[in-house]
Amino acid sequence: MTSPKNHQLKALHVKVTWGKRCNKLLFMSSEEDKSLPTIKLNVKEGRNNLWAKTRAAFAYVYNNHYNDADWFMKADDDTYVIIENLRYFLMSQNASEPIYFGCKFKHDTIKQGTVSGGAGYVLSKEALRLFVEKGMSADHPK
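The numbering used here applies: residue 2 is where the sequence shown begins, and numbers increase by one.
So, in structure tokens, the structure goes:
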């Protein structure tokens, strides 16, 4: 995830460093930028719109790249990932199980806690499917 003001300031550095070692690298933004390139999502920028942007990004990935990978990572443009270590960790995991990995926070009102979006997180193929097909359905509010 990135924003227009960070395309050249931050996202470009992801592209030329750890992003080169990804099987597929997608930059989600509210504006098109052919130099990265970005996927233009129909969302407004700003902290109040992060959830809408995340939902739109996962819907895009599910609809266009679901069969391209077993694991899907959401990271921001200020995140650094050692891809080789992540791959090594995921080798012993089952992508057909609905599982995610990230920095878990305890939460007073959410029993299962939440995962930090800033640090990045990884969803299995099945977790992505359930998130989009069930979690983003009309039965679940935005």
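Beta carbons: idealized from backbone N, C-alpha and C, even for Gly. What you are looking at is a predicted structure, and each value in this text was computed from that prediction instead of being measured.
Check, Outcome
"Start and end residues, alpha helix (DSSP H) containing Ile84", "84-91"
"Inter-residue Cα distance where the pair is Tyr15 and Arg130", "Residue identity differs from the one stated: residue 15 is Val in this sequence, not Tyr. Distance between the alpha carbons of Val15 and Arg130: 26 Å."
"Val44, DSSP secondary structure in three states", "coil"
"Inter-residue Cα distance where the pair is Asn68 and Ala12", "25 Å"
"Distance CB(Val82)-CB(Trp19) smaller than 8 Å", "yes"
"Thr80 - DSSP class collapsed to helix/strand/coil", "coil"
"Inter-residue CB distance, Phe73 and Val123 (contact presumed, cutoff 8 Å)", "7 Å"
"Reduced DSSP category for Leu124 - H, G, I as helix; E, B as strand; rest coil", "strand"
"Exposure label - Asp78; buried when at least 16 CB within 10 Å", "buried"
"Val27 versus Asn64 - alpha carbon distance", "Per the sequence shown, the amino acid found at residue 27 is Leu instead of Val. Between Leu27 and Asn64, the C-alpha separation is close to 14 Å."
"Residue span of the beta strand (DSSP E) that contains Phe28, given as start and end", "28-30"
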